[in-house]
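Number of protein chains: 2
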Amino acid sequence: MSRAEPETSPQDDAARAAWLYYVGGMTQDQIAGELGISRQRAQRLVSRAMAEGLIHVRLNHRIAACLDLETALKDRFGLMRCRVVPSLGAGADPVTAIGSAAAAEMERFLRMPDPLVIALGTGRALRGMVDALTPMEAEQHRLVSLIGNIAPDGSASFFDVVMRIADKVRAPHYPMPVPVISPTPEERAAFHALAPVQRVVELARKADVVVVGVGQMSDDAPLLADGFVSRAELDEMQAAGAVGEVAGWVFDSAGNYLDLGTNRRTGGVRVTPGLDRPAVGIAAGASKVLAIIGAMKSRIINSLVTDEATATAILNRP
Amino acid sequence: MSRAEPETSPQDDAARAAWLYYVGGMTQDQIAGELGISRQRAQRLVSRAMAEGLIHVRLNHRIAACLDLETALKDRFGLMRCRVVPSLGAGADPVTAIGSAAAAEMERFLRMPDPLVIALGTGRALRGMVDALTPMEAEQHRLVSLIGNIAPDGSASFFDVVMRIADKVRAPHYPMPVPVISPTPEERAAFHALAPVQRVVELARKADVVVVGVGQMSDDAPLLADGFVSRAELDEMQAAGAVGEVAGWVFDSAGNYLDLGTNRRTGGVRVTPGLDRPAVGIAAGASKVLAIIGAMKSRIINSLVTDEATATAILNRP
DNA sequence: CCATCATGTGAGCAATTACCCATAGTGCGA
DNA sequence: TCGCACTATGGGTAATTGCTCACATGATGG
């Protein structure tokens, strides 16, 4: 290149191209001309900006059908808040659909000027939320994990939801330094006897806001897929009526926590049913319907973000 | 149609199609299949959603070059805040580029929980801001116009910026019930002697936040184009050193208000230089450079939203 | 009752975009 | 220094999209 422009990072270029494309409404050809690059390069920059999440798209319209479902769900389960987004059709992953709505809900809390303690679960739904979250300054809040960050295989896949959010919003965060599920109740107790653990547990207990996914306990249970429960344990809990879990704590169709199986060894903090503070469930998908109903019945969660198909299925249950 | 679905409004359909397209990443063909409509109709729905502003696109990346310009402007003029967005290239209207950034700045204030009085000017830049504004509930704030809403030809084009914002955010608003520019100083005084006018004026004076456009006084002056000053008056003020105006009040290159021409007959409230509260100027374009510099010098505005080209031009002035 | 206008619809086509592939650079280790 | 692997680039091409036109449908008004 003959141009001796000040060096720009490739992400800068991507952002600039995306700006011209989305805000300026220019064609990729025009962008190429403007930036003095080839048409193909312009295309790559735009698509890269999209892939890296530099571009956020938000829909400013409440579709009537979804509003109706929200009202119906609020009435039926006495929810504090409810958000229903359109489904993305049969083939698509229902979790991606609710990501941006969940992010908007989360941002509501993050924008509050008074310091909050926000307790977070894990799961793919929360991951989707993080991806859609707009980076912002929210140093006044504290983010605490409800779930242990010591996985059986040493992976950190669970713990990093809190870390990723904290990273995006520059808030202090408190991982829960215990195994997700201990091999024995005694080991769990030993961890919880430690002062640092107790401090995090106490923080989680007094959280002003709780945001969690809801896992199903059918054969496609996330707990099973992620290796936190064995097939035998799942069978045992299913037989005892387990339909779902929140933050790893298993409950039955009425939303009552069970006193068996992994529930005796789960690290972290269970969400107290009937909190007077917001307890937001982020969940969608046909297999989660019973789990979501259970969690709402006993008010483990008192707010819900879901999609249209799931909302309809929930309301169609007697 | 054989389907007997519950009736949906056309905007609902547009929103749904746009959701599938932008959030779901589906092709318009797939959307057509999903919704049981023709491909063309799907295309129309998506483009309609875009045209009606149902879709908001925002860029989550601060381009380094723009950040540098912001820092430089802040340092040079002692600004409280400064936002520089990439320009959209030579041909494009610089005002559209800054709309979304201005909206983001405005939303910062609107999201504050404590009630604010927000005083607003007019102009194309503010119109662009309104278009990019996300509808929200901000009933706690009061919006007051700095500028009279009685145009010489009876048009309401000036007054409706405040109304449009108020409409979007459901905030009470206070138009300034005086002529934009009265024929004589006496008529102006007569209006300002009225109690209802005094109440609005007082509200505007004590505003916690001021958001205004900045007009140039060169031959393409908005005041001239909109018929608020005559060619002769413009010449007179240019001769006296006028370079710009804020809310209709004309100032010279040092940002000092002039005591002649229309300034003796302008209705509404002039922005006091050197406010300790935010006074945000929204302006971009080569012809506005001197006006913006003047306004910043005397601190008629202490915050700025502009584009890259304008920022560069401002800094290149000695 | 019919003309007229507005609104919406589908078809076809040109413009635009996404993707694939061959090739040229670039850094790294031998 | 020479491969070697890897990434980035531009050309080509198929898919996708935006636009215009002709027509249907229905409301409005003489």
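Protein chains in written order, with full-length UniProt numbering: chain Y, 1 to 318; chain L, 1 to 318.
C-beta: ideal position from N, C-alpha, C; glycine also.
Could you name the residues of the same chain whose beta carbon sits closer than 6 Å to that of residue i, not counting the 5 residues immediately before and after it, in chain order?
i	result
Gly36 of chain Y	none
Arg299 of chain L	Pro273, Gly274
Ala4 of chain L	For Ala4 of chain L, the predicted structure reports a pLDDT of 36, less than 50, and the residue's modelled location is therefore unreliable. A value from the coordinates is still provided. Closer than 6 Å at Cβ, skipping near neighbours: no residue.
Leu45 of chain L	Asp13, Ala14, Ala17
Ala65 of chain L	none
Ala291 of chain Y	Val214, Gln216, Val243, Gly244
Pro172 of chain L	Arg142
Leu67 of chain Y	none
Leu20 of chain Y	Met26, Ile31
Glu137 of chain Y	Arg170
Ser2 of chain L	Only weak support is given to the placement of Ser2 of chain L: the predicted model assigns it a pLDDT of 34, under 50, and the question is left unresolved by the model.
Secondary structure at residue i, three-state DSSP: helix, strand or coil?
i	result
Val289 of chain Y	helix
Asp259 of chain Y	coil
Asp235 of chain Y	helix
Asn149 of chain L	strand
Thr71 of chain Y	helix
Thr306 of chain L	strand
Leu45 of chain L	helix
Met1 of chain Y	Caution applies to Met1 of chain Y, whose pLDDT of 35 falls short of 50 and renders its modelled position unreliable; the value that the coordinates give is listed next. Three-state DSSP puts Met1 of chain Y in coil, outside helix and strand.
Ile300 of chain L	coil
Arg127 of chain L	helix
Gln40 of chain L	helix
Leu35 of chain Y	helix
Ala195 of chain L	helix
Pro6 of chain L	Note that Pro6 of chain L scores 44 on pLDDT, short of 50, meaning its location in the model is unreliable and no value can be drawn from it.
Glu187 of chain Y	helix
residue 336 of chain Y	Past the boundaries of the shown model lies residue 336 of chain Y; chain Y is included only from 1 to 318, so the question cannot be answered.
Thr134 of chain L	coil
Ile314 of chain L	helix
Val250 of chain Y	strand
List the residues of chain Y that residue i touches, going by C-beta distances under 9 Å, in chain order.
i	result
Leu88 of chain L	Trp19, Leu20, Val23, Gly24, Gly25, Met26, Glu34
Val130 of chain L	The premise fails here: Val130 of chain L is roughly 13 Å from chain Y at the closest Cβ pair, so nothing lies under 9 Å.
Ala97 of chain L	Trp19, Val23, Gly24
Val209 of chain L	Under the 9 Å cutoff, chain Y gives no residues; its nearest Cβ is about 16 Å from Val209 of chain L.
Val246 of chain L	In chain order: nothing, as chain Y lies at least about 26 Å away.
Val180 of chain L	Those do not exist, as Val180 of chain L stays about 31 Å from chain Y at its closest Cβ, beyond 9 Å.
Which chain L residues sit within Cβ distance under 8 Å of residue i?
i	result
Pro10 of chain Y	In chain order: nothing, as chain L lies at least about 11 Å away.
Cutting at 7 Å between CB atoms, please list the residues of its own chain near residue i, excluding the five before and the five after it.
i	result
Tyr22 of chain L	Ile55
Lys74 of chain Y	Cys82
Arg264 of chain L	Pro185
Gly24 of chain L	none
Ala283 of chain Y	Ala125, Gly213, Val214, Ile292, Thr306
Leu110 of chain Y	Met136, Ala138, His141, Val169
Nearest to residue i by CA position, among the options, is which residue?
i	options	result
Ala102 of chain L	L:Met296, L:Val211, L:Ser287	L:Val211
Ile31 of chain Y	L:Val289, L:Ser87, L:Ser303	L:Ser87
Phe77 of chain Y	Y:Glu308, Y:Ile293, Y:Pro318	Y:Ile293
Glu236 of chain L	L:Thr262, L:Tyr257, L:Gly227, L:Ala247	L:Thr262
Asp167 of chain L	L:Leu194, L:Gly24, L:Thr134	L:Thr134
His61 of chain Y	Y:Ala97, Y:Gly53, Y:Val85, Y:Ser38	Y:Val85
Val180 of chain Y	Y:His192, Y:Gly255, Y:Gln43, Y:Ile150	Y:Ile150
Gly268 of chain Y	Y:Lys297, Y:Val280, Y:Glu202	Y:Glu202
Pro152 of chain Y	Y:Val229, Y:Ala190, Y:Ala204, Y:Leu79	Y:Val229
Gly227 of chain Y	Y:Pro278, Y:Gly255, Y:Ser182	Y:Ser182
Using a C-beta to C-beta distance shorter than 8 Å, which residues of chain Y count as neighbours of residue i?
i	result
Arg111 of chain L	Arg111
Mind pulling the chain Y residues with CB within less than 7 Å of residue i?
i	result
His61 of chain L	Gln11, Ala15, Leu54
Pro135 of chain L	Asn60
Ala92 of chain L	Gly24
Val271 of chain L	In chain order: nothing, as chain Y lies at least about 27 Å away.
Residues in its own chain within less than 8 Å of residue i by CB, not counting five upstream and five downstream?
i	result
Leu258 of chain Y	Met237, Ala240, Gly241, Ala242, Val250, Phe251, Asp252
Gly99 of chain L	Ala125, Gly128, Met129, Asp131, Ala132
Arg58 of chain L	Ser100, Ala104
Glu34 of chain Y	Leu20, Met26
Thr312 of chain L	Leu69
Pro6 of chain L	Confidence at Pro6 of chain L is low in this model, with a pLDDT of 44, below 50, so its placement is unreliable and the value that follows should be read with caution. Cβ neighbours of Pro6 of chain L beyond the five flanking positions: none.
Mind listing the chain L neighbours of residue i? Cutoff is C-beta to C-beta under 7 Å, in chain order.
i	result
Ser100 of chain Y	Val23
Ala72 of chain Y	Per Cβ cutoff of 7 Å: no residues; Ala72 of chain Y is ~13 Å from chain L at best.
When every heavy atom of the ligand SAM is checked, does at least one fall within less than 7 Å of the C-beta of residue i?
i	result
Phe191 of chain L	The ligand SAM is not part of this structure, which contains no ligands at all.
* Counting Cβ pairs closer than 8 Å, one from the region 273-290 of chain Y and one from the region 173-190 of chain Y, do we hit at least three? -> No, they do not touch.
* To do: Spell out a yes or no on whether the region 48-66 of chain L and the region 118-126 of chain Y are touching, meaning 3 or more CB-CB pairs, one atom from each, closer than 8 Å.
  => no
* **Stretch pair the region 192-209 of chain L + the region 106-117 of chain L: three plus CB contacts closer than 8 Å** => Between the region 192-209 of chain L and the region 106-117 of chain L, the count of Cβ pairs shorter than 8 Å is three or higher; the stretches touch.
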